[in-house]
Amino acid sequence: MLCSDGVEIWADSSISYAATGLDHLIGNIRFLDDAGELRADEARYFSEQGRLQASGNVFVQDTLEGFTIENGALVYLRPTDFREEAEITVSITDDLSRPRAILLMKSEDAPLANPEPEEVLEVSEEDSLDIPYTVEGDRIFLRGGSYFYSVGDVMIERDSILAFADSVEYDGDEETVHLEGSAKVEGSNYNLVGKTIDMVLEANSLNTIAAHEEAILNGEDLTITSPEIRLYMDDGLLNRLVALSPLNGNENPSSSWFHNLLQLEKTLNLPRTHWNILQMRSWRNLCGGSSTKVSSARDSLNVDSSLKLRNQIG
């Protein structure tokens, strides 16, 4: 079947309802358009609305936006005169088949995927634009190639990073990934936990990971707890950490907490000049007011780089 909007449709059988513009397809379904293809066991297509509902062994591949979706029950809204970007919602099915998506997301500052010949040498062969996000959750929503939201025991994998949360939101315009509820990020030699975690990207490359509220950083046999922990990355590797120290009754950092952080520094192989501990007497005055910096290596805190750090997190 060739539709007026350019969509090609194959199926074992179909029922068409001219009055509503509905095509009900059953068995070995395949949709093809200029963006990619969809396969499923059953589908309903509303041509006037550009709306497709599919279920049963769902598989979607979009060659323009660069994503693949497997499993779940899918609702696909094609771009139309009244819808600027395609939207996809895929949800867990009654038999508990959870959707899984492999996504090549775009950000405003990301390098060009197909640079001009004279620019080729400036773009890495392993450019972060080509590193996909693998997302699994009870429901996944996609809009265009720069936004997704997933909810329900979400798992995300990208390169060497694993992330888990009740819900996850990626915004390519803001270059952020927000993890909400029981959030956790696992790296090669650490894991970071918090009620929420924010990951900030730069040109699609991971730059900062910040855990908020009851943050916990683990490195092999050692653990640090803090109101907030921030990890600064360099080429995907942990380069520097910033932690807000819990205070004892005298408004000083706990000595045991400080000792554990010194040990954690060794476990994570962080250079002494690349870690900082921040004490807060007022949680509202981060790096300001009466807050102080504590370190056993004074050289890392008494130079101009301290002001740069203050500006980064202020």
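Going by the numbering used here, the first residue of the sequence shown is number 14, and it counts up by one from there.
All residues carry an ideal CB built from backbone N, CA and C; glycine is no exception.
Since the structure is predicted, the reported quantities are computational estimates derived from the model, not experimental observations.
Reference residue i; option with closest CA among the options
| i | options | result |
| --- | --- | --- |
| G150 | Y245, I144, R113 and D211 | R113 |
| L51 | E83, E97, G249 and S26 | E83 |
| E55 | F44, A48, G49 and G69 | G69 |
| K45 | L244, A31 and I22 | The sequence shown places Leu at residue 45, not Lys. The option with the nearest alpha carbon to L45 is I22. |
| D107 | R152, V148 and I144 | R152 |
| R171 | H191, D186 and T147 | T147 |
| D143 | M168, L116 and I169 | L116 |
| M168 | H191, V20 and I28 | H191 |
| A31 | Y245, K197, G249 and Y58 | Y58 |
| K119 | D211, G79 and R96 | G79 |
| P145 | G85, S195 and N217 | N217 |
| R224 | S195, G249 and D36 | Correcting the residue identity first, residue 224 is Ala in this sequence and not Arg. For the residues S195, G249 and D36, the minimum Cα distance to A224 belongs to S195. |
Residues near residue i in its chain [Cβ-Cβ closer than 6 angstroms; skip 5 each side]
| i | result |
| --- | --- |
| L87 | A67, V71 and V103 |
| G157 | E98 |
| E100 | L90 and R156 |
| E135 | The predicted model places E135 with a pLDDT of 45, which falls under 50 and marks its position as unreliable, so this point remains unresolved. |
| A228 | G207, S239, E241 and I242 |
| V73 | L51 and I82 |
| L38 | A24, S27 and A56 |
Helix, strand or coil at residue i [DSSP, three-state]
| i | result |
| --- | --- |
| D166 | strand |
| D107 | coil |
| D6 | What the structure shows of the chain is the stretch from 14 to 327, and residue 6 is not part of that stretch, so it cannot be assessed. |
| V181 | strand |
| L117 | coil |
| V20 | coil |
| R294 | Any reading at R294 is ruled out, since the residue's pLDDT is 35, under 50, leaving its predicted position unreliable. |
| D186 | coil |
| N289 | Note that N289 scores a pLDDT of 49, beneath 50, so its modelled location is shaky; the value from the coordinates is reported in the next line. N289 falls in the strand class under three-state DSSP. |
| A32 | coil |
| Y203 | coil |
7 angstroms CB neighbourhood of residue i in its chain, flanking five on each side removed
| i | result |
| --- | --- |
| E193 | A178, D179, S180 and T209 |
| Y203 | L230, N231, G232, L251 and L281 |
| V213 | E188, T189, N220 and T221 |
| G200 | S173, I174 and L251 |
| D184 | Y160 |
| G249 | D172, S173 and L219 |
Own chain residues within Cβ distance below 8 angstroms of residue i, not counting five before or after
| i | result |
| --- | --- |
| T76 | A48 and G49 |
| G40 | A24, D25, S26, D54 and E55 |
Practice item. Give a yes or no on contact between the segment 54-73 and the segment 84-102, applying the rule of three or more CB pairs nearer than 8 angstroms. Key: Under the 8 angstroms Cβ criterion, the segment 54-73 counts as touching the segment 84-102, having at least three qualifying pairs.
Review point. Going along the chain, which unbroken runs of the alpha helix (DSSP H) with 4 or more residues stay wholly within the segment 225-264?
Key: Within the segment 225-264, no run of alpha helix (DSSP H) at least 4 residues long lies entirely inside it.
Check your understanding: Do three or more CB pairs link the segment 223-240 to the segment 152-170 at distances below 8 angstroms?
Key -> In this structure the segment 223-240 does not lie against the segment 152-170, because fewer than three pairs of beta carbons, one per stretch, are closer than 8 angstroms.
**Study point:** Those runs of the beta strand (DSSP E) which lie wholly inside the segment 46-98 and span at least 3 residues
**Key:** The qualifying runs are 49-59, 64-68, 72-75, 80-83 and 86-90.
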